[in-house]
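Remember, the working numbering sits 30 above the position in the sequence shown when you count from 1. Idealized CB from N, CA, C, for every residue including glycine.
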Amino acid sequence: MSLSTHHRDYSLRFLLYLEWLLLGIVALSESLPGSPFSQLSRSPLLNLLGLSLFALLGLRLPKRPLAKALYTAFELGLLLLLTTVGGIRLFSLLYVVLIVRNCLLLEGYYRSTIAAIAVGLCISLQAQRFRALVLVHTPIFVDRGGFLLLSFAVMFGLMVIFLQALVNAVLSERRSREALAIANTRLRQYALRIEDQATLQERNRIARDIHDSLGHSLTAFNLHLEAALRLLQSDPEEAKALLVEAKQIGSTALKDVRQSVTALRSDPLQGRSLEDAIATLLDEFRRSTGISPSCQIALKQPLSSDIQVTTYRIVQEALTNICKYANATAVDITLQTTPNRLQVVIQDNGQGFDPSQTTTGFGLQGMEERTTAIAGEFKLMTAPQQGCQIHAT
């Protein structure tokens with residue numbers, strides 16, 4: 031059996047141990063005196079060299095068809111030499127090893143043919159030995175030689191059938207595990223494809239958002255400029271008001287583009303600490319709304335990158351919603367760590383809303399999904415004219 035090929039395979043390792051055990055028993059029997067077969071002609075040195083060569087042949091099994099045929103023929107020839115010329119004891123165990131190797135080496139018709147040849151050779155060689163012992167007048171073989179040969183043939187045949195079934199079961203289990211590994215690999219590939227598809231869909235969604243929001247803003251911006259040009263001579267004040275509105279529309283469009291680009295970035299923190307990234311958000315919020323949020327950050331424990339990104343996204347989306355819908359004058363943000371969790375609380379004194387009446391809250395849904403993805407909890411507490419509070423842990 032190929033040690034280099036199979037020693038890492040747990041399902042085949044015991045076959046390797048079985049091979050070593052049988053070879054060890056044969057080697058040990060060569061050094062024990064008192065066997066009836068000691069009366070026959072033997073060549074201990076040839077047996078030792080041949081047994082060593084037979085063991086070495088099991089260190090690597092060939093893979094090409096021609097090499098397999100030559101390998102099997104050489105093994106059969108070697109065993110014939112050791113049995114007929116060397117008179118090696120317990121040669122039947124060597125044929126057992128050959129049959130096990132044959133099961134690993136060949137398949138189907140070729141495997142059955144070689145196994146039948148090995149069984150036939152082993153029984154015929156054993157019969158020759160029994161006849162030789164009869165000729166030297168060994169009592170038990172003179173009286174019961176036929177019965178012993180029949181018993182040997184039956185036991186050896188049953189042993190070969192059992193080994194064939196055992197090795198087939200082992201190989202079948204091994205193929206099943208290999209098929210399972212291939213299936214798992216394909217599943218991972220499919221999962222990556224699905225992930226790539228989901229990423230593509232998300233990018234398409236962001237592209238649509240950019241197109242819709244930016245297209246609308248630029249259209250309105252262009253209309254305001256055209257109206258301002260028409261009124262520049264006849265109504266300068268109205269033209270000035272239109273230009274101011276156009277500037278606001280341009281600022282809004284630029285902000286939408288920045289938010290969309292930020293959403294496409296894999297690392298929104300861009301190497302900054304969570305505190306610095308949130309400070310940047312607050313500064314942008316302050317410039318856009320004129321509101322100075324109250325922010326308390328007490329992070330006494332290090333946070334994983336996933337938690338930092340999720341926290342940043344929640345604060346970012348909450349500030350965006352406050353800017354768009356809340357009409358608030360005060361915003362409070364609290365981030366603090368407990369022994370086991372991070373608590374994020376964002377509260378405003380705006381107009382609030384009825385959660386049961388909000389059916390298009392994609393931002394709120396995104397915050398909840400992000401929190402759930404890191405095994406957290408998301409709570410929203412709001413009511414009309416009572417502000418809004420977001421609590422994530």
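Check, Outcome
"DSSP state of S202, grouped into three classes?", "helix"
"Look at L304 and C325 and say whether their C-beta atoms are less than 9 Å apart.", "no"
"Verify whether the separation of the beta carbon atoms of A413 and G382 is less than 9 Å.", "yes"
"Would you check if the distance between the CB atom of T340 and the CB atom of I420 is smaller than 9 Å?", "no"
"Are at least three pairs of beta-carbons, each pair with one atom in the segment 206-222 and one in the segment 142-156, less than 8 Å apart?", "no"
"Say whether the segment 320-335 touches the segment 277-290, bearing in mind that this needs 3 or more beta-carbon pairs closer than 8 Å, one atom from each stretch.", "no"
"Using 8 Å for Cβ pairs, my map puts V56 next to C133. What's the rounded Cβ distance?", "Going by Cβ atoms, the distance from V56 to C133 rounds to 19 Å, so no, they are not a contact pair."
"Based on Cα-Cα distance, which residue from L365, R317, L372 and V375 lies nearest to C353?", "R317"
"Given that a residue counts as buried once 16 or more other Cβ atoms are within 10 Å of its Cβ, and exposed if not, what is A211?", "exposed"
"For G80, which of Q346, V115 and Y355 has the nearest alpha-carbon?", "V115"
"Please give me, in chain order, every unbroken run of the beta strand (DSSP E) with length at least 3 that falls completely inside the segment 391-420.", "408-412"
"Between the beta-carbon of F104 and the beta-carbon of L53, is there less than 9 Å?", "no"
"So if DSSP puts V287 in a beta bridge, which residue, or which two residues, is it bridged to?", "Answer is none; V287 lacks a bridge partner."
"Taking the straight line between their C-alpha atoms, what separation do you get for L46 and R218?", "33 Å"
"In angstroms, rounded to a whole number, what distance separates the CA positions of D378 and G396?", "19 Å"
"The alpha helix (DSSP H) with N133 in it runs from where to where?", "Before going on, a small fix: residue 133 reads as Cys here, not Asn. Note, C133: alpha helix (DSSP H), F121 to L135."
"Answer yes or no: do A356 and G320 have a C-beta to C-beta separation smaller than 9 Å?", "no"
"Under 7 Å Cβ to Cβ from E398, same chain only, skipping five residues before and after it: list those, please.", "F408"
"Expressed to the nearest angstrom, what Euclidean distance is found between the alpha-carbon atoms of T350 and S202?", "60 Å"
"Which one of I129, G138, Y140 and I224 has the shortest CA to CA distance from V149?", "I129"
"What residue range does the beta strand (DSSP E) around T364 cover?", "V361 to T367"
"Specify the secondary structure class of S318 as computed by DSSP and reduced to three states.", "helix"
"Around the C-beta of T249, are 16 or more other C-beta atoms found within 10 angstroms, so that it is buried, or is it exposed?", "exposed"
"Which residue's Cα is closest to the Cα of F192: L180, V126 and R223?", "V126"
"For L262, does the three-state DSSP call read helix, strand or coil?", "coil"
"With distances taken between CB atoms, is the gap from I279 to F251 smaller than 9 Å?", "yes"
"Shortest alpha-carbon distance to Q300 belongs to which of M189, Y342, T402 and A276?", "Y342"
"Give the straight-line distance between the Cα atoms of I308 and Q415, rounded to the nearest whole angstrom.", "27 Å"
"Helix, strand or coil, according to DSSP, for R90 in the structure here?", "coil"
"Could you compute how far the alpha carbon of A422 sits from the alpha carbon of Q231?", "27 Å"
"On the CB-based measure, 16 or more other CB atoms within 10 Å of its CB, does F44 come out buried or exposed?", "exposed"
"Please report how far the alpha carbon of A99 lies from the alpha carbon of G88, in whole angstroms.", "15 Å"
"Please list the terminal residues of the continuous beta strand (DSSP E) segment that includes D378.", "L372 to D378"
"Near Y101, what residues of its chain come up, given a Cβ to Cβ distance below 8 Å and the 5 sequence neighbours on each side ignored?", "L87, L91, P92 and L135"
"Drop a sphere of 10 angstroms on the beta-carbon of S335, count the other beta-carbons inside from all chains shown, and report buried for 16 or more, exposed for fewer.", "exposed"
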